[in-house]
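Below is one structure; the comments refer to it alone.
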Amino acid sequence: MISFTTWDVVRNLLLSLPWTLALSFIAFLGGGLVGLLLLVLRLARPRIFERPVAAYVQVFQGTPLLMQLFLVYFGLALAGVETSPMAAAVLCFTFYASAYLTETWRGCVESIPKGQWEASACLALTFTQQLRYVIFPQALRLSVPPTVGLVVQIIKNTSLASVVGFVELTRTGQMIANVTFQPFVVYGLVALFYFALCFPCSMLGSWLEKRMRLQH
Amino acid sequence: MHTSEESVPLVDIRGLHKRFGSVEVLKGVNLQVARSEVICIIGKSGSGKSTLLRCINGLESFNQGQITVGGQSVQTADPDSLRELRKKVGMIFQQFNLFPSMSAGENVMLAPRLVHRRSREECRGLAQRLLDRVGLGDKFDAAPHQLSGGQQQRVAIARALAMDPEVLLCDEMTSALDPELVGEVLQVIEQLARDGATLIIVTHEMAFARKVSDRVIFMHNGRVHEMGPPDEIFGAPRTPELRSFLSLPAEGG
């Protein structure tokens with residue numbers, strides 16, 4: 000029987016770390032872009048997109064991410080789309096992140112005083128100019144803390160992508176635990192790895208928050 | 000004799016009705032404002048004076064009637080037409096509404112840059128001149144929160160002037176200010192009036208209204224209740240409602 004040193008375990012986990020990072024990054028980027036688009040649609044007048052976007056958000060907030068992953072993975076297969084665990088996970092996390100981000104950012108936009116919309120409208124700015132030059136710069140400041148919170152959630156939730164066979168940190172941990180019979184050590188290390196990813200994000204978040212408050 | 004240009008009112012409001020739900024706040028308002036005229040609208044809160052003002056630049060939609068500014072009718076359902084209208088109509092708010100993410104100067108530069116597509120240098124020069132004009136030439140780079148309320152309101156006036164509006168609407172522009180800051184804002188407006196600007200001012204400052212207006216409108220219950228030159232409105236009010244509003248004895252006093 001082959002024996003595994005702790006270094007072997009750590010090394011293998013380290014090798015899987017880029018996949019967790021990549022999925023988190025793509026989810027945030029894709030989710031951010033889709034979320035921004037949804038936000039603009041939701042704010043635009045006439046308000047034809049308000050309800051569909053709200054429904055979209057409710058669907059993703061009201062169902063477990065695990066089910067969303069299953070449904071996207073098996074749903075794509077059912078629809079005859081040849082898919083990989085990677086593709087299904089990326090797609091699903093983009094949807095999921097976009098729903099949470101768009102809802103969070105909408106809250107930030109709605110907390111901007113109505114007078115800001117009125118004053119910019121009275122200066123004959125177009126809707127997009129209002130958003131870009133007046134509303135979003137203010138909403139951005141407010142959005143930093145909740146957005147960082149969501150990023151941390153996304154990073155941790157990428158562990159669920161292991162159920163569709165996407166080999167990231169958690170999946171790698173499972174495989175190692177299965178052969179080393181040391182689940183406590185292995186999962187302990189996995190948890191430490193997640194912490195090492197999330198903690199700097201939170202720190203960056205509070206630093207940004209402080210810096211933006213100083214500017215204001 | 001008036002030329003045809005002069006006889007056409009710059010702002011023409013006819014038969015204006017506005018309801019909020021079941022409450023009718025404007026019950027058929029008629030008002031014509033000539034170019035370079037200074038109008039003060041006075042009245043109790045809830046009399047519809049702010050709503051009337053907000054209808055003129057389409058911030059509020061209305062249910063019935065018609066408003067034209069410089070020959071263009073106010074169509075609140077048409078964003079393009081509203082933007083055209085708002086190039087001609089400036090507005091000053093009670094809460095100043097400066098954009099907090101920009102400096103004073105950038106607040107003033109924004110609209111000429113985006114709407115008139117003028118160059119950054121040109122806008123910077125314009126903003127500097129306008130800030131000089133409201134006595135804040137040295138505050139170009141100040142953030143709004145570093146300025147006093149009176150200074151913020153003066154920046155807001157400069158910002159509105161940057162679009163070179165044909166008419167300026169002022170909605171209780173001094174109501175949010177500490178008493179000692181009211182004067183500096185009113186002085187700027189008085190100077191604008193002397194320079195020939197067309198002003199429609201909703202105000203609670205009676206002394207100011209008396210001094211600056213060509214005509215005073217007293218609104219009551221959603222209607223223009225009494226209208227006339229300031230000396231008449233303040234010196235010889237005809238209706239009991241206006242007498243009571245001005246805290247004068249009911250008759251003869």
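Protein chains in written order, with numbering that gives the first Met the number 0: chain A, 0 to 215; chain B, 0 to 252.
Glycine included, every Cβ here is placed at the ideal spot set by N, Cα and C.
Interface residues of chain B around residue i at Cβ under 7 Å?
i: Tyr99 of chain A; result: Those do not exist, as Tyr99 of chain A stays about 25 Å from chain B at its closest Cβ, beyond 7 Å.
i: Val133 of chain A; result: Phe98
i: Pro136 of chain A; result: Ser100
The ligand ADP heavy atoms versus the CB of residue i: any closer than 6 Å?
i: Phe233 of chain B; result: In terms of ligand content, the structure shown is empty, and the ligand ADP therefore cannot be addressed.
If we cut at 7 Å on Cβ distances, does residue i have a partner in chain A?
i: Met90 of chain B; result: yes
i: Arg85 of chain B; result: yes
i: Leu9 of chain B; result: no
i: Ala110 of chain B; result: yes
i: Gln74 of chain B; result: no
i: Arg82 of chain B; result: yes
i: Thr2 of chain B; result: With a pLDDT of 48 at Thr2 of chain B, under the threshold of 50, the modelled position of this residue cannot be trusted, and the question is left open.
i: Gln94 of chain B; result: yes
i: Gly252 of chain B; result: Its pLDDT being 41, under 50, Gly252 of chain B is placed unreliably in this model, and the coordinates cannot settle the point.
I think residue i touches residue j, with their Cβ atoms under 8 Å apart; what is that distance to the nearest whole Å?
i: Leu160 of chain B; j: Gly89 of chain B; result: 7 Å
i: Cys39 of chain B; j: Ile200 of chain B; result: 5 Å
i: Pro144 of chain A; j: Glu208 of chain A; result: 5 Å
i: Ser212 of chain B; j: Leu180 of chain B; result: At roughly 22 Å, the Cβ-Cβ gap does not stay under 8 Å, so Ser212 of chain B and Leu180 of chain B are not in contact.
i: Trp104 of chain A; j: Gly148 of chain A; result: Not quite, the Cβ-Cβ distance comes to about 13 Å (not below 8 Å), so this is no contact.
i: Leu15 of chain B; j: Gly64 of chain B; result: 4 Å
i: Leu135 of chain B; j: Arg112 of chain B; result: About 19 Å separates the two Cβ atoms, so there is no contact after all.
i: His203 of chain B; j: Glu171 of chain B; result: 7 Å
i: Ser107 of chain B; j: Leu84 of chain B; result: Residue 107 of chain B is actually Val in this sequence, not Ser. Going by Cβ atoms, the distance from Val107 of chain B to Leu84 of chain B rounds to 21 Å, so no, they are not a contact pair.
i: Ile55 of chain B; j: Val28 of chain B; result: Going by Cβ atoms, the distance from Ile55 of chain B to Val28 of chain B rounds to 11 Å, so no, they are not a contact pair.
i: Val163 of chain A; j: Ala88 of chain A; result: 6 Å
i: Leu25 of chain B; j: Gly47 of chain B; result: 5 Å
i: Ile41 of chain B; j: Val223 of chain B; result: No, Ile41 of chain B and Val223 of chain B are not in contact; Cβ-Cβ is about 11 Å, not under 8 Å.
i: Asp11 of chain B; j: Thr75 of chain B; result: The pair is not a contact, with the Cβ atoms about 16 Å apart (cut-off 8 Å).
Run down chain A in chain order and give the residues with a C-beta less than 8 Å from the C-beta of residue i.
i: Leu135 of chain B; result: Neighbours of Leu135 of chain B on chain A: none; closest Cβ ~18 Å, over 8 Å.
i: Met172 of chain B; result: Neighbours of Met172 of chain B on chain A: none; closest Cβ ~13 Å, over 8 Å.
i: Ile162 of chain B; result: For clarity, residue 162 of chain B is Met in the given sequence; the question names Ile instead. Ordered by position in chain A, the residues that pass the 8 Å Cβ test against Met162 of chain B are Leu122 and Ala123.
What does residue i reach in chain A if we use C-beta pairs closer than 9 Å?
i: Val114 of chain B; result: Leu122, Ala123, Leu124, Thr125 and Gln128
i: Gln56 of chain B; result: Per the sequence presented here, residue 56 of chain B reads as Asn, with Gln not at that position. Simply Ala120 and Cys121.
Name the chain A residues that come within less than 7 Å of residue i, Cβ to Cβ?
i: Arg132 of chain B; result: Going along chain A, no residue has its Cβ under 7 Å from Arg132 of chain B, so there is no contact; the nearest lies around 18 Å.
Closest Cβ-Cβ distance between residue i and chain D: below 7 Å?
i: Ile41 of chain B; result: Included in the structure are the protein chains A and B, with no chain D among them.
Residues from the stretch 101 to 129 of chain A in contact with chain B, defined by Cβ distance under 8 Å: Pro112, Gly114, Gln115, Glu117, Ala118, Ser119, Ala120, Cys121, Leu122, Ala123, Leu124, Thr125, Phe126 and Gln128
Contained beta strand (DSSP E) runs [length at least 3] in the stretch 152 to 233 of chain B, N- to C-terminal order: 166 to 170, 197 to 201, 214 to 219 and 222 to 227
Length at least 4, wholly inside the stretch 35 to 85 of chain A: the alpha helix (DSSP H) runs in chain order: 49 to 61 and 64 to 77
Whole runs of the alpha helix (DSSP H) within the stretch 79 to 127 of chain A, excluding any shorter than 4 residues: 84 to 109 and 113 to 121
Beta strand (DSSP E) runs wholly inside the stretch 14 to 83 of chain B, at least 3 long, in chain order: 22 to 32, 37 to 41 and 63 to 68
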